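Beneath this line is the structure, given in structure tokens, with notes to follow.
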Amino acid sequence: MRQLGADRSVRSADSVASAGGGGRVVRVVRRLPFTCGLVVVVLVVALATQSLWRPVEDRSWYPQIAYGLPSFEANRWWTPFSGFVFGTRPAAVLVIVAAVLLLVGFAEWRLGTRWTVAAALVGHLVAVLAGAGLLWLGRGVNWSWAELVSRDLDVGPSAGALAAAALATATLPSPWRLRARLVLAGYALVGFLFVGRVADLEHLLGVAVGLAAARWLPVPGRSPASGRVSRREWRLLAASGIVLLLAITVTVWLVPAEGPMGSTYDLGGSALHAAVHVLVAAVLFDGLRKGRRAAWWITTVLAVLSVLLGVLIAVAYALADQADRREAFDDLPVLVPTGIVWAAELVVLLAGRSAFRVPTPLLSRFRRSGATTAREDRERAVDLLVRHGGTNLSWMTTWPENSYFFAPSGQAYVAYREHAGVCIALSDPAGAPEDRPAAVRDFVDFCEHQGTIPCLFSTTRPVAEAAEALGWHSVQVAEDTVVPLPGLELTGKRWQKVRSALNRGKKLDVGFELVRLADQPRQVVHEVRAISEEWVGDKGLPEMGFTLGGVEEALDTHVRVGLATEGTTVLGVTSWIPVYGGNGQVHGWTLDVMRRRAAGPFPPVVEFMIASAMLAFQEEGAEFVSLSGAPLAHGDSAWSQSATAFDRLLDQLGVFLEPYYGFRSLHAFKQKFNPRYEPLYLLYRDEADLPRIGVALVRAYMPEASSRELLRALRKTE
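Listed below in structure tokens is the structure:
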């Protein structure tokens with residue numbers, strides 16, 4: 003989380019320099035000396051030997067520096083070291099540089115330099131020597147692939163880079179640890195089985211060495227494992243099996259080769275065949291990733307059929323004559339490994355079957371059609387909120403567009419909206435305090451059961467801390483601005499602008515009323531709507547929603563509305579939603595609608611209305627007023643150098659929307675009332691959810707904005 007930063011108005015020369023591009027490069031080099039040094043050495047060697055434009059493998063001295071079984075049989079034992087910094091061809095040099103930056107850089111960033119150097123060098127040596135040993139054994143039993151590959155030589159540090167990256171996965175939290183290991187293992191397996199060069203064997207061994215070391219070595223910064231496979235991880239494992247099967251199809255089609263199981267040159271099929279596989283795999287992958295029951299059944303049936311087919315082929319192969327085997331079973335190089343992958347997929351599907359219970363969307367809607375109505379759910383939520391209380395934003399959870407998830411006890415609820423496959427819970431859970439934690443846990447289970455992504459938006463610090471203890475992440479998305487009312491006096495220099503607005507309103511004979519808008523005459527309501535429509539019409543985008551209410555929300559009888567009038571004309575309107583503290587008591591009020599006539603005779607009418615409402619609520623005995631939090635806006639005190647990449651993304655979104663909705667101007671405006679700031683947070687499971695959450699938040703705030711409107715607005719800000 004962001005910490006309140008100290009005053010940075012005076013910076014040292016070093017800090018100023020570090021803010022530039024040169025400073026960032028220096029910090030990266032200091033953090034990753036082995037990675038940067040290895041890249042420099044590879045490039046210098048490539049330039050010195052002209053291998054950036056001439057293949058090294060065509061040089062007469064290539065056998066003297068390349069490693070492999072022929073080199074070891076010729077007693078050239080120095081080659082694992084001499085070949086470490088070469089690439090066979092110009093393209094291979096560039097691939098090696100990219101691999102070092104990605105894999106070794108990742109390992110050094112997570113493990114530190116010493117562990118990375120050891121992992122890369124040891125992993126490289128073990129992979130090279132073990133690979134040569136396996137080829138020697140395979141050649142001894144007349145394995146045709148081993149006999150062919152055992153003649154090859156290789157250069158480069160890729161096996162060591164893979165070993166270091168595999169070891170560094172031990173430092174990743176769940177589910178990133180599993181994701182990274184699946185990617186590494188899948189790449190190594192497909193490359194070995196269906197490409198089958200000596201480098202692919204070394205890559206497989208490098209990944210295996212790294213993963214084995216990650217399990218048994220005391221890796222610094224190791225992330226603790228839960229000891230069990232979560233529902234999300236079962237879904238990820240099953241979906242990854244589909245990706246692996248698709249990778250087999252694409253690899254055989256694009257890169258036919260003599261692999262360990264035989265030749266795949268005539269087994270790739272047509273482009274249409276590959277396209278059909280891609281389409282089916284995409285559908286199954288998406289369904290398994292979301293835990294859909296239908297996708298589980300389809301994949302399970304396919305897996306069972308594939309395994310049975312493999313068993314039948316194996317039996318037929320065993321019973322066939324030696325002369326007939328080559329012609330009748332020429333597709334075994336693909337069928338055997340594919341059958342093994344399908345068998346593993348079937349094991350995953352059966353072992354994790356409880357993770358795949360999400361009904362199809364159409365059936366889900368049909369089954370919910372007989373459930374309680376939206377009105378009944380809202381009335382139930384209002385009753386719980388009034389009886390038990392909530393946060394400054396909790397009344398927004400009762401707005402009509404929200405859906406509700408009630409805890410099993412029935413005494414707490416979470417209000418949410420679903421967009422882009424994400425359930426965005428608004429504010430803290432409301433209801434009985436002892437049931438609120440269970441409501442959040444059950445809401446997350448509910449989302450995962452439905453195949454949607456859960457997140458909580460605009461929560462308070464205590465809920466953020468509880469979520470962080472469970473392994474969730476948080477980012478500040480707004481600041482609530484709270485003004486305590488007991489003892490409030492609008493005196494002193496810091497209240498001068500507010501006093502000026504009040505005094506000017508009195509001179510102009512501007513009146514103020516704090517009323518229920520639903521009880522006002524039709525003409526007043528009509529004027530309020532006109533002011534609101536005028537305000538919306540000035541924007542380049544449709545009116546926002548979600549945490550920003552409008553006239554319809556202000557018509558609720560629980561809501562108070564402040565009206566500034568000149569005679570019979572309404573100059574401005576503010577609405578205040580109640581903050582219940584339990585036992586039906588209103589402890590404070592939160593500002594929602596805040597609009598005025600664009601060409602009114604009294605420009606500071608908003609300051610006048612807010613100050614007048616504060617004084618009126620003070621007389622009634624309210625404890626505070628909240629001026630609410632402007633979305634995607636923050637004060638300088640809360641924005642420090644610890645801001646994450648997602649923080650900066652939200653900051654840029656705030657910059658984009660500023661010309662249309664003025665969030666930052668609004669945040670600055672509220673400083674006139676000398677509030678205290680209370681941060682509000684977005685809570686999410688892991689970074690992989692953030693792209694979908696970002697889309698969902700845009701749709702939640704601007705459900706009526708078309709893609710064309712958003713693009714047009716974006717062009718205007720460029």
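If you're matching positions, the sequence shown starts at 3 in the working numbering and goes up one per residue. Backbone N, C-alpha and C fix where the C-beta goes; we use that ideal spot for every residue, glycine too. These figures come from a predicted structure and were not determined experimentally.
Cβ atoms of A48 and L54 come within 8 Å of each other, at about 5 Å. Looking at the backbone, the Cα of R389 and that of E436 are separated by about 14 Å. Look at G208 here: in three-state DSSP terms it is helix. When rounded, the separation of the alpha-carbon atoms in V209 and A187 is 7 Å. One thing to note: L169 has its Cβ within 9 Å of the Cβ of L213. For V484, the enclosing beta strand (DSSP E) starts and ends at H475 to P486. In this structure, D688 lies near W178, with their beta-carbon atoms less than 9 Å apart. For A276, the uninterrupted alpha helix (DSSP H) run begins and ends at A273 to R291, by DSSP.
Counting every other CB atom within 10 Å of its CB across the protein chains shown gives A93 a total below 16, marking it as exposed.
Within its own chain, the residues whose Cβ lies closer than 6 Å to the Cβ of L239, once the five positions on either side in sequence are excluded, are V350, listed in chain order. CA-to-CA, the gap between V58 and E467 works out to about 57 Å. Judged by DSSP secondary structure, P82 falls outside any beta strand (DSSP E) and instead within the alpha helix (DSSP H) spanning T81 to S84. L34 sits buried, since 16 or more C-beta atoms from the chains shown fall within 10 Å of its C-beta. V221 counts as buried, since at least 16 other C-beta atoms from the protein chains shown sit within 10 angstroms of its C-beta. Taken through DSSP and simplified to helix, strand or coil, V343 comes out as helix.
Bounds of any alpha helix (DSSP H) do not take in F604, whose DSSP letter is neither H nor E. Short of 6 Å from the beta carbon of A613, and not among the five residues preceding or following it, lie these beta carbons of its own chain, in chain order: V500 and L504.
Contact check for L307 and S225: beta-carbon distance about 39 Å, past the 8 Å limit, so the pair fails to qualify.
The beta-carbon separation of V197 and V252, rounded to 12 Å, does not stay under the 8 Å limit for a contact. A417: member of the beta strand (DSSP E) spanning A414 to H421, first to last residue. Listed as beta-bridge partners of I455 by DSSP are V424. The beta carbons of A148 and L164 sit no closer together than 9 Å. The segment 521-581 contains, as complete alpha helix (DSSP H) runs of 4+ residues, the segments 524-539 and 553-556 (chain order). An exposed status is given to R443, since fewer than 16 other beta-carbon atoms sit within 10 Å of its beta-carbon.
When C-alpha distances from G423 are compared across A50, I695 and E555, the shortest belongs to I695. In the pairwise beta carbon analysis, the segment 622-631 is classified as touching the segment 577-590: at least three pairs are separated by under 8 Å. Secondary structure at F358: coil, using DSSP grouped into helix, strand and coil. Inclusion of R181 and A259 in the CB contact set at 9 Å is not warranted, their separation being larger than that value.
Under the three-state reduction of DSSP output, V221 falls in the coil class, being neither helix nor strand. Apart from sequence neighbours up to five positions away, the residues of its chain that approach L206 with a beta-carbon distance below 6 Å are A190 and F194, ordered along the chain. If only uninterrupted alpha helix (DSSP H) runs of at least 4 residues are considered, those enclosed by the segment 24-90 are 35-50, 64-67, 71-75 and 81-84. The beta carbon of L487 sits closer than 7 Å to the beta carbons of M616, F619, Q620, A624, E625, F626 and V627 from its chain, once the five residues preceding and following it are set aside; these are given in chain order. Boundaries around T592 are those of the beta strand (DSSP E), V588 to R598, since no alpha helix (DSSP H) includes it. If the five residues before and after L516 are omitted, its C-beta is found closer than 7 Å to the C-beta atoms of R562, G564, A615 and A618, all from its own chain and listed in chain order. Around the beta carbon of S73, a 10 Å sphere encloses 16 or more other beta carbons of the protein chains shown; the residue is thus reported as buried.
The criterion of a C-beta distance shorter than 9 Å is not satisfied by L510 and S460.
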